[in-house]
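First residue of the sequence shown: 45, per my numbering; consecutive thereafter.
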Amino acid sequence: MKKRVVLIIRDGWGINSNSEYNAVTNANTPNMDLYLKKYPNAVLDAAGLAVGLPAGYQGSSEVGHLNIGAGRIVEQELKRINDAIDSGLLFENYNIQKAINNCRMNNSSLHVMGLVQNEGVHAHQEHLFAIMRYAKEQDIKKLYIHFFADGRDTPPRSALNFLRAVNEKIQEYQIGEIVTLMGRYYAMDRARSWHLTTQAYNTLTKAEGIKVNTPEEAIKRAYENDIAPDGSEMTDEYIPPTIIDGFSGIKDGDSVVHFNYRQDRAIQLTQAFIEDEYPGQRWKKLNIVYCGLTRYYDAFPFFVLEPMDESEGMHNLLGQVISDNGLTQLRISETQKFRHVTSFFNGKLIEPFKNESRIEVKSIYDPATFAEHPEMNAYDVTERVIEEINSNKFDVIILNFANCDMVGHTGNYESAIKAVEVVDECVGKVVEEILSQDGIALVTADHGNVEEMIDYNTGLPKTAHTKNPVEFIYIANDYKNIKLKNGILSDIATTILFLLGIEKPKEMTSQNLIYSTLSL
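See below:
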């Protein structure tokens with residue numbers, strides 16, 4: 045009988061040889077220190093081409109979980125959209141044509157909204173620029189830009205630089221006007237904090253919020269007068285919803301194009317615009333033409349990029365193969381990473397596979413306060429995982445600890461160290477339990493973050509993911525029989541199947557990280 049396997053994903057825990065502002069090397073991590081010294085371990089690439097992104101791009105939780113669960117390099121939407129723009133195919137899509145034609149035929153306004161940044165995690169400014177160019181070619185007269193500021197995957201106070209880039213394109217193309225500006229905290233909530241989504245929606249649709257004369261003033265006013273929700277210095281992520289003087293809101297009959305492509309943080313605002321039943325306190329559902337660059341959720345029909353690389357185009361994912369072989373599996377994390385360890389891990393399929401159970405441990409803290417509560421809900425997640433290990437119900441458990449990524453995004457170095465120490469403690473408890481039952485623990489990460497809490501070029505706090513590799517550690521009582529080789533994230537799936545005694549399907553192009561074993 046094969047042993048049970050627990051995959052522990054320490055979200056945002058990467059490898060960095062530079063110890064300066066490195067929350068991993070400067071934290072007290074007795075468990076991880078022991079594991080790296082005692083057990084077989086390898087290094088996995090988690091960014092750029094290794095995970096289906098263009099070369100040089102940082103990894104992310106979505107990208108990481110997609111690759112781990114697929115067992116193959118998954119070409120990401122960033123590259124696919126870039127290619128579709130270059131070929132012209134993007135603007136041949138029915139939904140974006142409908143949005144453009146609605147404005148042209150009815151002399152209504154085209155509203156383009158999304159995260160303006162160049163790191164390519166949730167969106168990319170070049171996609172906004174491409175839409176602007178196309179709208180100009182199509183003789184659209186009224187194009188309004190709704191600027192979502194980042195400060196999380198980009199430097200905390202970099203919005204003025206991105207604003208400058210947009211203004212340059214407005215001048216170059218002679219089209220467009222920035223009419224609202226707000227931080228992603230409001231426009232891109234994913235934790236069902238519906239009051240934040242409603243606040244963003246009200247700003248967009250009825251011009252409710254702070255009013256200023258220029259977009260530059262919106263940013264500078266926030267920097268000078270406001271503080272972040274946790275009481276710290278204001279950063280781009282938390283800029284309150286702001287209206288530029290003269291804008292009165294999106295109207296019935298207008299078109300809206302959402303240029304974010306990553307799904308999880310585009311869902312709630314999209315639902316506010318198009319769903320008859322919206323969980324928040326919406327003042328009105330507008331009669332508009334709406335489309336998004338990708339399919340944000342299963343029931344969302346107004347997408348531009350065909351979901352060729354989602355579950356219907358990717359067969360024999362890790363979860364599916366486990367299920368097809370009659371084994372049971374559990375996915376568990378707290379709210380902030382629940383979609384990643386379930387849907388993204390399953391190729392963005394929402395519904396679970398047969399014999400796949402899911403446990404969401406509700407996040408009890410507002411994301412804006414994670415620096416104050418770096419423990420988040422890790423202890424509750426740990427307690428629940430240990431209960432499930434002892435239940436003997438599951439052959440495979442996929443577990444995500446969210447702390448290092450979520451706290452790393454705050455830019456608070458001291459809190460990041462605490463987050464690392466909490467995760468180390470919790471991983472230790474899970475590993476101890478699985479070893480006591482002669483199971484296998486595989487400890488890894490989806491991307492880096494907390495190991496590089498300062499921008500080494502500018503000396504400013506770093507809140508973004510990194511391009512660093514991550515660890516893969518094999519922990520079991522038979523560890524002396526195992527030798528590992530370095531690889532990439534998608535190799536984890538093939539390795540798990542090997543440990544379960546299941547043949548790798550032909551669709552999985554990844555390698556087995558275990559290259560030598562005396563007996564298993």
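Ideal placement from N, C-alpha and C gives every residue a C-beta, glycine not left out.
As a beta-bridge residue in DSSP terms, H190 pairs with M157 and T224. When DSSP states are grouped into helix, strand and coil, L528 belongs to the strand group. The three-state secondary structure of L207, taken from DSSP, is helix.
DSSP, reduced to helix, strand and coil, places T510 within a strand of the structure shown. About 6 Å separates the Cβ atoms of N421 and I408, confirming a contact at the 8 Å cut-off.
By alpha-carbon distance to A94, the top candidate from G531, H453 and I546 is G531. Check the Cα spacing between R54 and each of H155, A209, P411 and G472: the tightest is with G472. Under the DSSP assignment, R54 falls in the beta strand (DSSP E) whose first and last residues are V49 to R54.
For the segment 237-270, the continuous alpha helix (DSSP H) assignments of 4+ residues that do not extend past its boundaries occur at 238-250 and 259-269, in sequence order. Taking C-beta separations shorter than 6 Å and ignoring five residues to either side along the sequence, the partners of G56 in its chain run C448, D449, G452, N493 and V494, following chain order. Judged by DSSP in its simplified three-state form, H359 adopts coil rather than helix or strand. For S152, the three-state secondary structure derived from DSSP is coil.
Annotation for V165: no alpha helix (DSSP H) segment contains it, and DSSP assigns it neither H nor E. According to the DSSP assignment, N85 belongs to the beta strand (DSSP E) that extends over N85 to D89.
Just so you know, the alpha carbons of G108 and A90 end up roughly 7 Å apart.
For the set Q312, T242, Y245 and M226, the Cα lying nearest the Cα of M278 is the one of M226.
Residue nearest to P396 within the set T413, V365 and P513 is V365 (criterion: CA-CA distance). Each residue's CA atom was taken as its position, placing K511 and T314 some 30 Å apart. The DSSP-derived three-state label of E319 is coil.
For R177, same chain residues with a beta-carbon under 7 Å away, outside a window of 5 residues either side, are Y217 in chain order. Where T379 is concerned, the enclosing alpha helix (DSSP H) starts and stops at T379 to V385.
The beta-carbon distance between L88 and P513, rounded to whole angstroms, is 6 Å. This is short enough to meet the 8 Å contact definition. Take Y341, set aside five residues on each side of it, and the residues of its chain with a beta-carbon closer than 6 Å to its own are I311, in chain order. Beta-bridge partners of E476 (DSSP): none assigned. The beta carbons of H171 and I125 sit closer together than 7 Å. Taken atom to atom, the span from the alpha-carbon of H155 to that of I112 is near 36 Å. Assigned with DSSP and collapsed to three states, L557 falls in coil, not helix or strand.
DSSP, reduced to helix, strand and coil, places P396 outside both helices and strands of the structure shown, so it counts as coil. A direct Cα-to-Cα measurement between P285 and G195 gives close to 15 Å. When the five nearest sequence neighbours on each side are left out, the beta carbons in the same chain lying within less than 6 Å of the beta carbon of D439 are those of R48, L371 and T372, in order along the chain.
Taking C-beta atoms as the reference points, E416 and D274 count as a pair closer than 7 Å.
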